[in-house]
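Report on the structure given below.
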Amino acid sequence: MGLSEHEQRLLDEMERNLYKHEADIVNTSGGPRTVDYTKVAVGVLGIAVGLVLVVVGVTMKLAVLGVAGFGIAVAGALWALAASRPASADDSARPGRSGSGPVGAKQGGSLMDRLAQEWDDRNRRE
1 MGLSEHEQRL LDEMERNLYK HEADIVNTSG GPRTVDYTKV AVGVLGIAVG LVLVVVGVTM
61 KLAVLGVAGF GIAVAGALWA LAASRPASAD DSARPGRSGS GPVGAKQGGS LMDRLAQEWD
121 DRNRRE
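Per full-length UniProt numbering, the sequence shown runs over residues 1 to 126.
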């Protein structure tokens with residue numbers, strides 16, 4: 001049983017709204033990422049220095065030094081974890097990068113945009 005024109009328009013409008021809202025969610029949740037290894041190294045160094053300060057603070061019975069060491073270790077861990085960021089078009093132009101990332105990165109556009117384009121193409125063929 002086919003849909004009436006009104007039902008088809010409603011369905012098309014609902015699909016457009018769904019694609020628009022899903023694209024916003026998908027774009028913020030994932031995709032290729034790059035890592036700044038310098039930040040990771042500094043963060044790991046901060047963790048090591050912080051742990052050394054904790055040990056020194058405990059052996060010398062200086063709570064202030066131990067607390068400061070713990071704070072430095074936590075700050076180093078947060079710094080290292082913040083080293084990852086979404087990949088941008090500039091990253092593929094860097095020396096040493098071949099530009100052969102995931103399929104979505106080559107084609108340009110989000111997953112939902114490509115799926116919407118495929119859906120539209122399929123409907124035009126029918």
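Glycine included, C-beta positions come from ideal geometry on N, C-alpha and C. Computed from a predicted structure; not experimentally measured.
Residue 53 burial status per 10 Å Cβ neighbour count (16 or more: buried): buried
Per DSSP, cross-strand counterpart(s) of residue 58: Paired residues: none, contrary to the question.
Which listed residue (112, 118, 121) has its alpha carbon closest to that of residue 18: 112
Per-residue burial, residue 50 [other beta carbons within 10 Å of its own, 16 or more giving buried]: Residue 50 is buried by the Cβ-count criterion.
Beta-bridge partners of residue 35, as assigned by DSSP: 84
Reference residue 75, options 44, 60, 123, closest by Cα: 44
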